[in-house]
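Here the working numbering is used: the first residue of the sequence shown is 1, the next is one more, and so on.
Beta carbons: idealized from backbone N, C-alpha and C, even for Gly.
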Amino acid sequence: MSRYGKIDFHMHSAVSDGTDSPEEILYNVKNSGISFFSLTDHDATKGCEIIRSVLEKSETYSDLTFITGVEFSCKDEMGKYHILGYGYNPESKAILDVIEKGHTYRMNKVRARLDFIEKEYGFSFPQEEIDNILAMDNPGKPHISNLMIKYGYAKTIGQAIKDYIDKIHFKNAYIRPEEAICGICGAGGIPVLAHPFFGSGGELIIGKEMEERLMRLIEFGVQGVEAFYSGFSPKQINEMLAMADRYNLYVTAGSDYHGKNKLIELGDTGMDTNEQAPNGLKRFISTLKMKQAK
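In C-alpha coordinates, the structure reads:
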(Lines of atoms letter the chains of each structure in order from A; the text may use other names.)
(Lines give C-alpha, C1' and ligand atoms only; values in the text may rest on other atoms or scores of the structure.)
Protein backbone atom coordinates (compact mmCIF):
# COMPACT_ATOMS: atom_id res chain seq x y z
CA MET A 1 0.00 0.00 0.00
CA SER A 2 2.97 2.30 0.53
CA ARG A 3 3.20 3.26 -3.15
CA TYR A 4 -0.20 4.95 -2.86
CA GLY A 5 0.23 6.41 0.62
CA LYS A 6 -2.67 6.69 3.04
CA ILE A 7 -6.09 6.71 1.34
CA ASP A 8 -9.69 7.41 2.29
CA PHE A 9 -12.46 7.41 -0.30
CA HIS A 10 -15.49 7.93 1.97
CA MET A 11 -16.04 11.08 4.01
CA HIS A 12 -18.70 13.75 4.51
CA SER A 13 -18.57 17.51 4.94
CA ALA A 14 -21.07 20.02 6.30
CA VAL A 15 -22.59 20.12 2.80
CA SER A 16 -24.38 16.95 3.91
CA ASP A 17 -24.28 15.39 7.39
CA GLY A 18 -20.69 16.02 8.44
CA THR A 19 -19.52 18.89 10.63
CA ASP A 20 -16.34 19.99 8.79
CA SER A 21 -16.60 22.53 5.98
CA PRO A 22 -15.03 21.36 2.68
CA GLU A 23 -12.08 23.64 3.44
CA GLU A 24 -11.70 22.02 6.87
CA ILE A 25 -11.89 18.58 5.25
CA LEU A 26 -8.91 19.53 3.09
CA TYR A 27 -6.93 20.80 6.07
CA ASN A 28 -7.75 17.74 8.17
CA VAL A 29 -7.02 15.33 5.32
CA LYS A 30 -3.55 16.78 4.91
CA ASN A 31 -2.88 16.72 8.67
CA SER A 32 -4.05 13.10 8.83
CA GLY A 33 -1.36 12.08 6.36
CA ILE A 34 -3.86 11.07 3.69
CA SER A 35 -2.55 11.52 0.15
CA PHE A 36 -5.42 10.22 -2.02
CA PHE A 37 -9.04 10.89 -1.07
CA SER A 38 -12.60 11.60 -2.13
CA LEU A 39 -15.44 13.62 -0.60
CA THR A 40 -18.71 11.67 -0.81
CA ASP A 41 -21.45 13.97 0.45
CA HIS A 42 -25.03 12.74 0.26
CA ASP A 43 -26.92 13.95 -2.82
CA ALA A 44 -24.47 16.79 -3.49
CA THR A 45 -21.44 17.86 -5.51
CA LYS A 46 -21.07 21.32 -3.94
CA GLY A 47 -18.38 20.22 -1.49
CA CYS A 48 -16.37 18.62 -4.29
CA GLU A 49 -16.60 21.82 -6.32
CA ILE A 50 -15.31 23.85 -3.36
CA ILE A 51 -12.39 21.48 -2.82
CA ARG A 52 -11.49 21.51 -6.51
CA SER A 53 -11.52 25.31 -6.47
CA VAL A 54 -9.19 25.46 -3.46
CA LEU A 55 -6.83 22.89 -4.98
CA GLU A 56 -6.62 24.87 -8.22
CA LYS A 57 -5.70 28.07 -6.39
CA SER A 58 -3.43 26.82 -3.61
CA GLU A 59 -0.02 25.13 -3.57
CA THR A 60 -0.56 24.11 0.06
CA TYR A 61 -2.25 20.88 -0.98
CA SER A 62 -0.21 20.09 -4.09
CA ASP A 63 0.77 16.72 -2.60
CA LEU A 64 -2.86 15.57 -2.37
CA THR A 65 -4.81 13.69 -5.03
CA PHE A 66 -8.55 14.33 -5.00
CA ILE A 67 -11.30 12.49 -6.83
CA THR A 68 -14.91 13.61 -7.18
CA GLY A 69 -17.34 11.57 -5.07
CA VAL A 70 -20.99 11.32 -4.03
CA GLU A 71 -23.22 9.00 -1.99
CA PHE A 72 -26.84 8.06 -2.63
CA SER A 73 -29.21 6.41 -0.13
CA CYS A 74 -31.18 3.82 -2.07
CA LYS A 75 -33.95 1.33 -1.47
CA ASP A 76 -35.73 -1.39 -3.43
CA GLU A 77 -37.63 -4.60 -2.73
CA MET A 78 -34.56 -6.23 -1.18
CA GLY A 79 -33.82 -3.41 1.24
CA LYS A 80 -31.59 -0.38 1.59
CA TYR A 81 -28.22 0.29 -0.04
CA HIS A 82 -25.76 3.14 -0.10
CA ILE A 83 -24.20 3.67 -3.51
CA LEU A 84 -20.99 5.68 -3.89
CA GLY A 85 -19.96 7.31 -7.16
CA TYR A 86 -16.38 8.22 -8.11
CA GLY A 87 -14.66 10.11 -10.90
CA TYR A 88 -17.86 11.29 -12.58
CA ASN A 89 -18.32 14.47 -14.58
CA PRO A 90 -20.01 16.83 -12.07
CA GLU A 91 -21.62 18.78 -14.90
CA SER A 92 -23.32 15.75 -16.44
CA LYS A 93 -27.12 15.89 -16.51
CA ALA A 94 -27.17 12.13 -15.85
CA ILE A 95 -25.88 12.53 -12.31
CA LEU A 96 -27.33 15.97 -11.63
CA ASP A 97 -30.84 14.59 -12.19
CA VAL A 98 -30.26 11.84 -9.60
CA ILE A 99 -28.77 14.37 -7.17
CA GLU A 100 -31.79 16.63 -7.53
CA LYS A 101 -34.18 13.74 -6.98
CA GLY A 102 -32.25 12.58 -3.90
CA HIS A 103 -32.15 16.11 -2.52
CA THR A 104 -35.92 16.48 -2.93
CA TYR A 105 -36.54 13.21 -1.09
CA ARG A 106 -34.12 14.32 1.64
CA MET A 107 -35.83 17.65 2.23
CA ASN A 108 -39.27 16.05 2.29
CA LYS A 109 -38.09 13.52 4.88
CA VAL A 110 -36.56 16.22 7.10
CA ARG A 111 -39.89 18.10 7.16
CA ALA A 112 -41.81 14.88 7.82
CA ARG A 113 -39.47 13.88 10.66
CA LEU A 114 -39.76 17.27 12.34
CA ASP A 115 -43.56 17.08 12.10
CA PHE A 116 -43.57 13.49 13.37
CA ILE A 117 -41.50 14.07 16.51
CA GLU A 118 -43.60 17.11 17.38
CA LYS A 119 -46.93 15.31 16.94
CA GLU A 120 -45.78 11.98 18.42
CA TYR A 121 -43.58 13.16 21.29
CA GLY A 122 -44.32 16.87 21.68
CA PHE A 123 -40.79 17.92 20.70
CA SER A 124 -41.16 21.50 19.46
CA PHE A 125 -38.47 23.96 18.39
CA PRO A 126 -38.38 27.69 17.66
CA GLN A 127 -39.26 28.43 14.04
CA GLU A 128 -35.86 30.04 13.57
CA GLU A 129 -34.17 26.73 14.40
CA ILE A 130 -36.36 24.84 11.93
CA ASP A 131 -35.70 27.46 9.25
CA ASN A 132 -31.96 27.09 9.83
CA ILE A 133 -32.13 23.33 9.26
CA LEU A 134 -34.25 23.71 6.12
CA ALA A 135 -31.79 26.30 4.77
CA MET A 136 -28.91 23.80 4.92
CA ASP A 137 -27.62 22.19 1.73
CA ASN A 138 -28.55 18.62 2.62
CA PRO A 139 -29.83 18.27 6.20
CA GLY A 140 -30.40 14.84 7.69
CA LYS A 141 -30.92 12.87 10.88
CA PRO A 142 -27.80 14.21 12.68
CA HIS A 143 -29.01 17.80 12.29
CA ILE A 144 -32.38 16.99 13.86
CA SER A 145 -30.59 14.95 16.54
CA ASN A 146 -28.30 17.84 17.46
CA LEU A 147 -31.32 20.10 17.75
CA MET A 148 -33.02 17.58 20.05
CA ILE A 149 -29.89 17.43 22.21
CA LYS A 150 -29.71 21.23 22.37
CA TYR A 151 -33.27 21.43 23.72
CA GLY A 152 -32.93 18.50 26.11
CA TYR A 153 -35.03 15.93 24.25
CA ALA A 154 -32.14 13.48 23.80
CA LYS A 155 -28.67 12.91 25.22
CA THR A 156 -26.84 11.59 22.16
CA ILE A 157 -27.23 11.50 18.39
CA GLY A 158 -27.56 7.72 18.52
CA GLN A 159 -30.36 7.87 21.07
CA ALA A 160 -32.21 10.58 19.15
CA ILE A 161 -32.14 8.54 15.95
CA LYS A 162 -32.91 5.13 17.45
CA ASP A 163 -35.57 6.12 19.99
CA TYR A 164 -37.37 8.84 18.07
CA ILE A 165 -36.36 9.83 14.52
CA ASP A 166 -36.28 6.29 13.10
CA LYS A 167 -39.79 5.56 14.40
CA ILE A 168 -41.17 7.15 11.25
CA HIS A 169 -40.81 5.00 8.13
CA PHE A 170 -40.82 5.97 4.47
CA LYS A 171 -41.88 3.44 1.87
CA ASN A 172 -41.06 5.20 -1.39
CA ALA A 173 -38.93 8.23 -0.50
CA TYR A 174 -35.72 6.72 -1.84
CA ILE A 175 -33.80 6.53 -5.09
CA ARG A 176 -33.71 3.01 -6.46
CA PRO A 177 -30.20 1.53 -6.70
CA GLU A 178 -30.44 1.11 -10.47
CA GLU A 179 -31.23 4.83 -10.79
CA ALA A 180 -28.15 5.81 -8.81
CA ILE A 181 -25.91 3.38 -10.69
CA CYS A 182 -27.26 4.51 -14.05
CA GLY A 183 -26.72 8.19 -13.16
CA ILE A 184 -23.15 7.59 -12.02
CA CYS A 185 -22.27 5.51 -15.09
CA GLY A 186 -24.01 8.02 -17.37
CA ALA A 187 -21.69 10.70 -15.99
CA GLY A 188 -18.61 8.57 -16.66
CA GLY A 189 -18.20 7.55 -13.03
CA ILE A 190 -17.61 4.34 -11.10
CA PRO A 191 -20.51 3.07 -8.93
CA VAL A 192 -19.48 1.28 -5.73
CA LEU A 193 -21.54 -0.42 -3.01
CA ALA A 194 -20.75 1.31 0.30
CA HIS A 195 -20.24 -0.73 3.52
CA PRO A 196 -21.91 -3.78 1.91
CA PHE A 197 -22.66 -5.65 5.15
CA PHE A 198 -24.59 -2.73 6.64
CA GLY A 199 -28.10 -1.92 5.46
CA SER A 200 -30.47 0.28 7.42
CA GLY A 201 -29.49 1.30 10.95
CA GLY A 202 -28.05 -1.72 12.74
CA GLU A 203 -29.11 -4.18 10.02
CA LEU A 204 -26.41 -6.73 9.21
CA ILE A 205 -26.50 -8.41 5.80
CA ILE A 206 -24.43 -11.58 5.54
CA GLY A 207 -24.01 -14.85 3.70
CA LYS A 208 -26.36 -15.78 0.88
CA GLU A 209 -28.43 -12.59 1.24
CA MET A 210 -25.30 -10.46 0.87
CA GLU A 211 -24.22 -12.27 -2.26
CA GLU A 212 -27.70 -12.14 -3.78
CA ARG A 213 -27.87 -8.40 -3.21
CA LEU A 214 -24.44 -7.91 -4.72
CA MET A 215 -25.29 -10.01 -7.79
CA ARG A 216 -28.44 -7.93 -8.28
CA LEU A 217 -26.42 -4.71 -8.14
CA ILE A 218 -23.82 -6.10 -10.54
CA GLU A 219 -26.66 -6.67 -13.03
CA PHE A 220 -27.53 -2.98 -12.63
CA GLY A 221 -23.92 -2.02 -13.33
CA VAL A 222 -22.20 -1.65 -9.95
CA GLN A 223 -18.45 -1.97 -10.44
CA GLY A 224 -16.98 -2.12 -6.96
CA VAL A 225 -17.39 -2.77 -3.23
CA GLU A 226 -16.12 -0.89 -0.21
CA ALA A 227 -14.24 -3.86 1.26
CA PHE A 228 -12.15 -1.80 3.68
CA TYR A 229 -14.39 0.15 6.06
CA SER A 230 -14.04 1.60 9.54
CA GLY A 231 -16.86 -0.56 10.95
CA PHE A 232 -15.74 -3.90 9.47
CA SER A 233 -14.04 -6.71 11.34
CA PRO A 234 -11.01 -8.43 9.73
CA LYS A 235 -13.30 -11.37 8.93
CA GLN A 236 -15.78 -9.12 7.11
CA ILE A 237 -12.97 -7.43 5.18
CA ASN A 238 -11.60 -10.79 4.02
CA GLU A 239 -15.07 -12.01 3.07
CA MET A 240 -15.73 -8.93 0.97
CA LEU A 241 -12.30 -9.11 -0.67
CA ALA A 242 -13.04 -12.72 -1.66
CA MET A 243 -16.38 -11.64 -3.12
CA ALA A 244 -14.69 -8.83 -5.05
CA ASP A 245 -12.23 -11.33 -6.53
CA ARG A 246 -15.04 -13.75 -7.39
CA TYR A 247 -16.92 -11.11 -9.39
CA ASN A 248 -13.90 -9.13 -10.63
CA LEU A 249 -14.97 -5.97 -8.82
CA TYR A 250 -13.04 -2.87 -7.84
CA VAL A 251 -12.16 -2.56 -4.16
CA THR A 252 -12.32 0.71 -2.25
CA ALA A 253 -11.38 1.84 1.27
CA GLY A 254 -13.32 4.40 3.29
CA SER A 255 -13.69 5.66 6.85
CA ASP A 256 -17.18 7.26 6.54
CA TYR A 257 -15.86 10.25 8.48
CA HIS A 258 -18.54 12.74 9.61
CA GLY A 259 -16.51 15.07 11.83
CA LYS A 260 -18.07 15.41 15.28
CA ASN A 261 -21.25 13.60 14.21
CA LYS A 262 -19.54 10.18 14.36
CA LEU A 263 -16.70 8.76 16.44
CA ILE A 264 -14.66 7.89 13.36
CA GLU A 265 -11.29 9.34 12.38
CA LEU A 266 -10.16 10.28 8.90
CA GLY A 267 -8.17 7.48 7.31
CA ASP A 268 -9.66 4.82 9.60
CA THR A 269 -10.48 2.37 6.82
CA GLY A 270 -9.42 -0.85 8.51
CA MET A 271 -6.45 -1.11 6.15
CA ASP A 272 -2.87 -0.92 7.33
CA THR A 273 -0.91 1.57 5.18
CA ASN A 274 1.92 -0.99 4.96
CA GLU A 275 -0.45 -3.71 3.81
CA GLN A 276 -0.18 -5.02 0.27
CA ALA A 277 -3.06 -3.60 -1.75
CA PRO A 278 -5.40 -6.23 -3.24
CA ASN A 279 -5.72 -6.32 -7.02
CA GLY A 280 -9.20 -4.77 -6.96
CA LEU A 281 -7.89 -1.72 -5.11
CA LYS A 282 -4.87 -1.43 -7.40
CA ARG A 283 -7.18 -1.46 -10.42
CA PHE A 284 -9.51 1.09 -8.81
CA ILE A 285 -6.69 3.51 -8.06
CA SER A 286 -5.18 3.02 -11.50
CA THR A 287 -8.54 3.81 -13.13
CA LEU A 288 -8.99 6.91 -10.97
CA LYS A 289 -5.52 8.15 -11.86
CA MET A 290 -6.30 7.72 -15.56
CA LYS A 291 -9.46 9.76 -15.08
CA GLN A 292 -7.43 12.45 -13.32
CA ALA A 293 -4.99 12.55 -16.26
CA LYS A 294 -7.71 13.27 -18.83
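- For the pair Glu71 and His42, the CB atoms are nearer than the 9 Å cut-off.
- Residue range Ile190 to Leu193 is occupied by the beta strand (DSSP E) that includes Pro191.
- In the three-state reduction of the DSSP assignment, Met11 falls in the strand class, which pools E and B.
- For Gly186, the closest of Glu24, Val98 and Phe198 by C-alpha to C-alpha distance is Val98.
- Within the same chain, Val15 and Asp137 come within 7 Å of Lys46 by CB-CB distance, once the 5 residues on both sides are set aside.
- Going by DSSP, Lys75 is part of the beta strand (DSSP E) stretching over Thr65 to Asp76.
- Looking at Ile117, Gln292, His10 and Gly270, the one whose alpha-carbon comes closest to that of Lys235 is Gly270.
- Contact between Ile25 and Ile7 does not hold, since their C-beta atoms are separated by about 15 Å, which reaches or exceeds 8 Å.
- Taking C-alpha positions only, Asp166 is separated from Asp20 by approximately 25 Å.
- For Phe37, the enclosing beta strand (DSSP E) covers residues Ile34 to Leu39.
- Under the Cβ criterion (8 Å, minimum of three pairs), the region 173-193 counts as touching the region 66-82.
- In this structure, Glu129 is the residue among Asp272, Glu129 and Lys93 with its C-alpha nearest to the C-alpha of Leu114.
- Residue range Lys93 to Tyr121 is occupied by the alpha helix (DSSP H) that includes Lys101.
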